[in-house]
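Each residue of the sequence shown is one higher than the last, beginning at 125 in the working numbering. Each residue gets a CB set at the ideal place from its N, CA and C atoms; glycine is no exception. On a predicted model such as this, the values are computed, not experimentally measured, just so you know.
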Amino acid sequence: MTRAELATHGCGRTMRLMHESATNIEEQPAPLGRVLLLTGSIGSGHTRAAQAVSEAMLRANAAQWALVVDALAYASAPFRAIYRDAYIKLIEAAPTAIGWLYRSSDTVEGGAMRRAVQRAALARLRRMIASDKPDTIVCTHFLAAELVSGMVERGEWTGTFAVVVTDLDAHAMWAACPRADRWFVALPETVEILAGKGVPRERMVVTGIPIAGAFSARMPPRAELRERFGLARGGPMLLVSGGGVGASLLEKTLQQVLAMPIDCSVALVCGRNETLRRRASNIVARRGESRVKCTVLGFTDRMHELMHAADLSIGKPLQQVLAMPIDCSVALVCGKNEPLRRRASNIVARRGESRVKCAVLGFTDRMHELMHAADLSIGKPGGLTSSEALACGLPMAIAYPVPGQEERNSDHLLEWGAAIRLNSPESFGWRVAQLLGDPERLSAMRMAARARAKPFAAEAIVEEICALRQSPAAVTPRLARTVHQSA
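What follows is the structure in structure tokens.
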């Protein structure tokens, strides 16, 4: 397949070409051959994981070509509306229902009807796989993994098949792909969970969750990173993100941050959600006097800079952040949620008196800069966001986690001492102010985060798949293995 063919093939913009400079990518020698990375556009974490693995393949010259494909882009419209859109709406309208669905479906029993529906709804994706005949498929979402497993079982596709689990914990759906050659997981405990659900231990490797290489790169001084976003060089800086889902909860977080009784800076990242960015900007503009300096951001690939610049990472309640009684800077990250970015900007604009300097950002490719610049991240404890924060040594303040996988991720972060949980709107600002006023505790949280980080998970995954393709029998372990990483 040539570059021209890739540019017009299949799902178009959802595909990603690895060897841009190749004149004829069929001529590129590569141990993984032609690679298809299948993800799911529910939030951004699954896609970011796939992109991190694809980038690691590029750096290692491991793939002849590699395509990152959103499985839901190939789904029928009714299926996509139920599977993704209804889920996102439930997060805001009835989060307890999400928790019930998560727990009630966390079983390996049954599933025949689900598989039949998915097979019909994803018929276009099955045809694309059968037509392109990739040598290697890597799935970062269980929907795609179960589909590919069924294709292997029916003899519709043969090749190397790997699954990347994108949460610290593991739902039973990650075990519903018995034909996978390897599962790459975050923790030894994840191995135990999946083994109890029927996944063979010898097919699991503990690598961590794959994140972009930028999060482990050397960064300029934090003061310089903050200045790039128009935030104060000194004083505490908070990073607020969560534009993928849960816009109303993010607005609530902004209100709470702006009310904090401390002098600080805030970066609010809204991604491509222009509506959220406008609303956030309005909140910031209306706040009046405030000790919080706030920047609202959209989608960014410079999150690692933000994490390194920040003191603390906080998630979701914008109103509470703006109300914090401290002087600080805040970076609010809204991802690709442009409506969210607009709404956040409105909140910042309307906040009145506040000690928080707030920057509302729309689309940005500098999330790594924001994470490196921040002192604290106030945000959702998704698997990718948590792994990125750990790699940057950035403490997290978890607010309103989605029942199910986010609450389970929270448990790990809290046990490790890398996060606090903000349970009450009334004490939101007080708790953040207490943490920022305790340098020793904040430093201990940074150390705890770095101790649990696995910044080279993507590279480890690529190395393991290469070894598997070159000599399958030689790399089949008797027990699940842990890949040790060093900076």
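* To do: Just tell me which of Pro527, Gln558, Val556, Glu588 has its CA closest to the CA of Gly506.
  => Within the sequence shown, residue 506 is the residue found at index 382, counting from 1. It is Pro527.
* Are at least three pairs of beta-carbons, each pair with one atom in the region 154 to 162 and one in the region 187 to 200, less than 8 Å apart? -> Because the criterion of three Cβ pairs below 8 Å is met, the region 154 to 162 and the region 187 to 200 touch.
* Asked: How big is the Cα-Cα spacing for Glu150 and Lys504?
  -> Here residue 150 refers to the residue found at position 26 when the sequence shown is read from its first residue. Here residue 504 refers to the residue found at position 380 when the sequence shown is read from its first residue. Because the pLDDT at Glu150 is just 48, under 50, the model does not fix this residue reliably, and the value given afterwards should be weighed accordingly. For Glu150 and Lys504, the distance between alpha carbons rounds to 41 Å.
* To do: Could you please give the first and the last residue of the uninterrupted alpha helix (DSSP H) stretch that includes Thr260?
  => Position 136 of the sequence shown, counted from the start, is the residue given in the question as residue 260. No alpha helix (DSSP H) contains Thr260, which is instead part of the beta strand (DSSP E) from 260 to 263.
* Collapsed DSSP secondary structure at Arg490 in the structure displayed -> On the sequence shown, position 366 is the one that residue 490 refers to. When DSSP states are grouped into helix, strand and coil, Arg490 belongs to the coil group.
* One or two residues paired with Ala470 in a DSSP bridge -> Locating residue 470 in the sequence shown gives position 346, counting from the first residue. Reading the sequence as shown, one finds Asn at residue 470 and not Ala. Ala404.
* Asked: Between which two residues does the beta strand (DSSP E) harbouring Arg158 extend?
  -> For the purposes of this step, residue 158 is taken as the residue at position 34 of the sequence shown. First-last of the beta strand (DSSP E) with Arg158: 158 to 163.
* Just how far apart, CA to CA, sit Ile206 and Ser200? -> Your numbering for residue 206 matches position 82 in the sequence shown. Your numbering for residue 200 matches position 76 in the sequence shown. Distance between the alpha carbons of Ile206 and Ser200: 10 Å.
* Asked: Is it the case that the Cβ atoms of Val472 and Cys482 are separated by a distance below 7 Å?
  -> Residue 472 sits at position 348 when you count from the first residue of the sequence shown. Residue 482 sits at position 358 when you count from the first residue of the sequence shown. Contact flag set, yes.
* Opposite Gln380 in the DSSP bridges: which residues? -> By one-based count along the sequence shown, residue 380 stands at place 256. Gln444, per the DSSP bridge assignment.
* **Limits of the beta strand (DSSP E) - the one that Ile612 falls within** => A query on residue 612 cannot be resolved here, the shown segment of the chain reaching from 125 to 611 and no further.
* Asked: Just reading off the beta strand (DSSP E) that Trp224 is part of, what are its end residues?
  -> Numbered from its first residue, the sequence shown carries residue 224 at position 100. Counting along the chain, Trp224 falls outside any beta strand (DSSP E), though it belongs to the alpha helix (DSSP H) covering 219 to 228.
* Asked: Going by alpha carbons, who is nearest to Glu233 out of Gly322, Met361, Arg204?
  -> For the purposes of this step, residue 233 is identified with residue 109 of the sequence shown, where counting begins at 1. Minimum Cα distance to Glu233 is reached at Gly322.
* Asked: Helix, strand or coil for Asp305 per DSSP?
  -> Here residue 305 is taken as the residue at index 181 of the sequence shown, counted from 1. Coil at Asp305, not helix or strand.
* Less than 8 Å between the CB atoms is what I'm expecting for Val393 and Leu456, so what's the real figure, rounded? => Numbered from 1 along the sequence shown, position 269 holds the residue referred to as residue 393. Numbered from 1 along the sequence shown, position 332 holds the residue referred to as residue 456. For Val393 against Leu456, the beta-carbon gap comes to about 6 Å, under 8 Å, which counts as contact.
* To do: With a threshold of 16 other CB atoms inside 10 Å of the CB of Asp209, please say whether the residue is buried or exposed.
  => On the sequence shown, residue 209 is found 85 positions in, with the first residue counted as 1. An exposed status is given to Asp209, since fewer than 16 other beta-carbon atoms sit within 10 Å of its beta-carbon.
* Asked: In the region 531 to 611, which residue ranges form an unbroken alpha helix (DSSP H) of at least 4 residues, counting only runs that do not cross its ends?
  -> If we require 4 residues or more, the alpha helix (DSSP H) runs fully inside the region 531 to 611 come out as 552 to 560, 563 to 576, 581 to 594.
* Should Gly358 go down as buried or exposed, given a rule of 16 or more other Cβ atoms within 10 Å for buried? -> Here residue 358 is taken as the residue at index 234 of the sequence shown, counted from 1. Gly358 comes out exposed.
* By Cβ distance, which residues of its chain are closer than 6 Å to Arg204, with the 5 residues on each side in sequence left out? -> The residue given as residue 204 occupies position 80 in the sequence shown. Answer for Arg204: Leu196, listed in chain order.
* Asked: Unbroken beta strand (DSSP E) runs of length 3 or more, entirely within the region 160 to 215: which are they?
  -> The region 160 to 215 contains these whole beta strand (DSSP E) runs: 189 to 194.
* Inter-residue CB distance, Leu374 and Cys418 (contact presumed, cutoff 8 Å) -> Within the sequence shown, residue 374 is the residue found at index 250, counting from 1. Within the sequence shown, residue 418 is the residue found at index 294, counting from 1. That belief does not hold up - the Cβ atoms of Leu374 and Cys418 are roughly 13 Å apart, past 8 Å.
* Asked: Is Gln175 buried or exposed, if buried means 16 or more other CB atoms sit within 10 Å of its CB?
  -> One-based indexing of the sequence shown puts residue 175 at position 51. With 16 or more neighbouring CB atoms inside 10 Å of its own CB, Gln175 falls in the buried class.
* **For Phe353, the first and last residue of its enclosing beta strand (DSSP E)** => Numbered from its first residue, the sequence shown carries residue 353 at position 229. No beta strand (DSSP E) contains Phe353, which DSSP labels as neither H nor E.
* Asked: In angstroms, rounded to a whole number, what distance separates the CA positions of Arg554 and Val454?
  -> To locate residue 554, count along the sequence shown from 1; it is residue 430. To locate residue 454, count along the sequence shown from 1; it is residue 330. One detail in the question is off: residue 554 reads as Trp in this sequence, not Arg. Roughly 16 Å between the two C-alpha positions.
* Take Ile502 as the anchor and find which of Arg532, Ser469, Leu559, Arg474 has the nearest alpha-carbon. => Taking the first residue of the sequence shown as position 1, residue 502 is located at position 378. Ile502 has its Cα closest to that of Leu559, out of Arg532, Ser469, Leu559, Arg474.
* Three or more C-beta pairs below 8 Å linking the region 327 to 340 and the region 401 to 412 -> Contact between the region 327 to 340 and the region 401 to 412 is absent: fewer than 3 CB-CB pairs across the two stretches fall below 8 Å.
* Asked: Who are the near neighbours of Ala573 in its chain, counting only those whose CB is closer than 7 Å to its CB and skipping five residues on each side?
  -> For the purposes of this step, residue 573 is identified with residue 449 of the sequence shown, where counting begins at 1. Sequence-distant partners of Ala573 (beyond 5 residues in either direction) whose C-beta falls short of 7 Å from its own C-beta, in its chain, are Ala513, Leu514, Gly517, Leu518, Pro519, Ala542.
* Asked: Is Ser595 buried or exposed, if buried means 16 or more other CB atoms sit within 10 Å of its CB?
  -> For the purposes of this step, residue 595 is taken as the residue at position 471 of the sequence shown. Burial is judged here by how many other beta carbons sit within 10 angstroms of a residue's own beta carbon; Ser595 has fewer than 16 and is exposed.
* For Lys213, does the count of other Cβ atoms within 10 angstroms reach 16, so buried, or fall short, so exposed? -> Here residue 213 is taken as the residue at index 89 of the sequence shown, counted from 1. Under this definition Lys213 is an exposed residue.
* Asked: Which word fits Trp224, buried or exposed, when buried means at least 16 other C-beta atoms lie within 10 angstroms of its C-beta?
  -> Here residue 224 corresponds to residue number 100 of the sequence shown, with the count starting at 1. So Trp224 ends up on the exposed side.
* From what residue to what residue does the beta strand (DSSP E) around Ser123 run? -> An answer regarding residue 123 cannot be provided, because it is not within the stretch 125 to 611 covered by the chain.
* Enumerate, from N- to C-terminal direction, the unbroken alpha helix (DSSP H) stretches of 4 or more residues contained entirely within the region 264 to 328. => Secondary structure remark: continuous alpha helix (DSSP H) runs of at least 4 residues inside the region 264 to 328, in chain order: 266 to 277, 312 to 320.
* **For Leu508, the first and last residue of its enclosing alpha helix (DSSP H)** => Here the question's residue 508 lines up with position 384 in the sequence shown. Per DSSP, Leu508 is one residue of the alpha helix (DSSP H) stretching across 507 to 515.
* To do: Could you pull the start and end residues of the beta strand (DSSP E) that Met520 belongs to?
  => Counted from its first residue, the sequence shown places residue 520 at position 396. Here the beta strand (DSSP E) through Met520 covers 520 to 523.
* Taking the alpha-carbon positions, what's the Tyr198 to Pro324 distance? -> Translated into the one-based positions of the sequence shown, residue 198 becomes position 74. Translated into the one-based positions of the sequence shown, residue 324 becomes position 200. Answer to the nearest angstrom: the Cα atoms are 30 Å apart.
* Asked: By how many angstroms is the C-alpha of Glu583 removed from the C-alpha of Ala245?
  -> The sequence position of residue 245 within the sequence shown is 121, counting from 1. The sequence position of residue 583 within the sequence shown is 459, counting from 1. For Ala245 and Glu583, the distance between alpha carbons rounds to 33 Å.
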